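Asker:
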Amino acid sequence: MNILVAKTPTDAEAIAYTLITERLAGKREFVLGLATGSTPVGMYEMFKRDALDCSHVTSVNLDEYIGLAPSHPQSYHHFMEEKLFNDVPFKESHLPRGDAADPEAEAKRYEQLVRSIGVDLQLLGIGENGHIAFNEPGTALDAKTHVIELTESTREANRRFFDTIEEVPTHAITMGLDTIMNAREIVLVATGARKAEAVHHMIENVPTIDWPASILQAHPSVTIVLDAEAASGCS
Ligand code: F6R
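Following my numbering, the numbering of the sequence shown begins with 154 at its first residue and continues without gaps.
(1) Give me whichever residues DSSP pairs with N131 in a beta bridge.
(2) Determine the closest residue to N288 out of A346, S367 and T317, with distance taken between C-alpha atoms.
(3) Please classify G291 as buried or exposed, where buried requires at least 16 other C-beta atoms within 10 Å of its C-beta.
(4) Determine the extent of the beta strand (DSSP E) in which V352 is found, giving its start and end residues.
(5) Work out the CA separation of T317 and A296 for me, nearest whole Å.
(6) Quick check: is any heavy atom of the ligand F6R less than 7 angstroms from the C-beta of T161?
(7) Straight-line CA distance for R268 to G345?
(8) Between A286 and M355, which are expected to be in contact by the criterion C-beta below 8 angstroms, what is the C-beta distance as a whole number of angstroms?
(9) Taking the alpha-carbon positions, what's the E350 to A383 distance?
(10) So does G283 have its beta carbon nearer than 7 angstroms to some heavy atom of the ligand F6R?
(11) Who are the Cβ neighbours of T298 in its own chain at under 8 angstroms, not counting the five residues just before and after it?
(12) From E217 to H230, what does the alpha carbon distance come to, in whole angstroms?
(13) Can A351 be considered in contact with the ligand F6R, in the sense that its beta carbon sits closer than 7 angstroms to one or more heavy atoms?
(14) Is it buried or exposed for N239, if we count other Cβ within 10 angstroms and need 16 for buried?
(15) Based on the DSSP output, what are the partners of S374 in its beta bridges?
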C-alpha cells in the first residue's frame, strides 16, 4: 500500500485527482471506476474545473440503491449526472440499474460487464464501518457483484441525502470485494475524523472481513490518500 497523507481534505482530493489525470493522459482507451458519496465530490469538481477530456474514458460505478430509477433524485445515476457526467462527457458510463425487475439478474449482468471491460483504475471511498462500495463487514472475500442488505449504520450515515430514514433504501446492488480487487489499480480517498478508526483498521491491522477495506492490503497496486484527520488514528 502506498499511503499519502495531506493536510486538508482539499489537498488530499488534489493528490488523488492528479494521480487519476496522470493515468488518463496519453491513453487511447481507459476504464475508470467511480464512486458516489461525499468523498469524490471535490475531485469531480476538479474534473469540471479543468474540463478534463474523458471522451476516451468508459466509467463504471460501484453501486446503486435497489428500488430507485435512474431519474430518482437520490439514485446514484442521478448523483453522477449532476456531479460529473452532465458537465464532463465520458465515452460511456455504466451503473447497475436499481429499478431492474430482477435485481439478482441485474447484479450478474453488471458483473459480466465489469469483467469484460476490465477496470484500469478504481476510485474508492470508505465507510465509517470499513465498507468499500456497499460491502459491509462480513461480506465474503470472493463476492462478485451482488444484492446486499444495508446495515442500519450505513443507512443512518446516508440519511443526510434523504428527507427521512424511511426513504433510505434497505438494499443495494454493489460490486463485490472480488470485483473490486480485480481492478488493475485502486485509489482510496478518506478524509475527516469520522473515518479515522476505519483507516486504522484498513492499513495497520491484520486484514479481516470485519473491516472490509483491510483486504486491500492484498492488492498489488493501491494508493491510500488521507487528510490529517483521517490519518489521526494511525501510529
Ligand atoms: C459510494 C460507495 C461508498 C462510499 C462510502 C463513503 O459509491 O460505494 O462505499 O464510498 O460510504 O461515503 P462518503 O464519501 O459519503 O463518506
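Note that CB positions come from ideal geometry on N, CA and C, so glycine has one too. A quick note: this is a predicted structure, and the numbers were derived from the prediction, not measured.
Answerer: So, from the data block:
(1) The structure shown does not extend to residue 131, since the chain is modelled only from 154 through 388, so no value can be given for it.
(2) On the sequence shown, residue 288 is found 135 positions in, with the first residue counted as 1. Ranking the options by Cα distance to N288, first place goes to S367.
(3) One-based indexing of the sequence shown puts residue 291 at position 138. Result: exposed.
(4) Your numbering for residue 352 matches position 199 in the sequence shown. First-last for V352: A349 to E357, but that is the alpha helix (DSSP H), not the beta strand (DSSP E).
(5) The residue you call residue 296 lines up with position 143 of the sequence shown. The residue you call residue 317 lines up with position 164 of the sequence shown. Those two C-alpha atoms are separated by around 31 angstroms.
(6) Reading the sequence shown from its first residue, position 8 is the one you call residue 161. Not so, every heavy atom of the ligand F6R lies at least 7 angstroms from the Cβ.
(7) Residue 268 sits at position 115 when you count from the first residue of the sequence shown. Residue 345 sits at position 192 when you count from the first residue of the sequence shown. If you take the alpha carbons of R268 and G345, they lie about 33 angstroms apart.
(8) Translated into positions along the sequence shown, residue 286 becomes position 133. Translated into positions along the sequence shown, residue 355 becomes position 202. Going by Cβ atoms, the distance from A286 to M355 rounds to 14 angstroms, so no, they are not a contact pair.
(9) Within the sequence shown, the letter at position 197 stands for residue 350. Within the sequence shown, the letter at position 230 stands for residue 383. Taking the straight line joining both Cα atoms gives about 8 angstroms.
(10) By 1-based counting over the sequence shown, the position of residue 283 is 130. In this structure, G283 has its CB at a distance of at least 7 angstroms from all heavy atoms of the ligand F6R.
(11) Position 145 of the sequence shown, counted from the start, is the residue given in the question as residue 298. So the qualifying residues of the chain are P249, A260, K261, Y263, E264, V267, I326, T327, M328, G329 and T332.
(12) Here the question's residue 217 lines up with position 64 in the sequence shown. Here the question's residue 230 lines up with position 77 in the sequence shown. So the two alpha carbons sit approximately 8 angstroms from each other.
(13) Residue 351 sits at position 198 when you count from the first residue of the sequence shown. No, Cβ of A351 sits at least 7 angstroms from all heavy atoms of the ligand F6R.
(14) Indexing the sequence shown from 1 puts residue 239 at position 86. Answer is exposed; the Cβ neighbour count stays below 16.
(15) Counting from one through the sequence shown, the residue named residue 374 turns up at place 221. Partner(s): none; S374 has no beta bridge.
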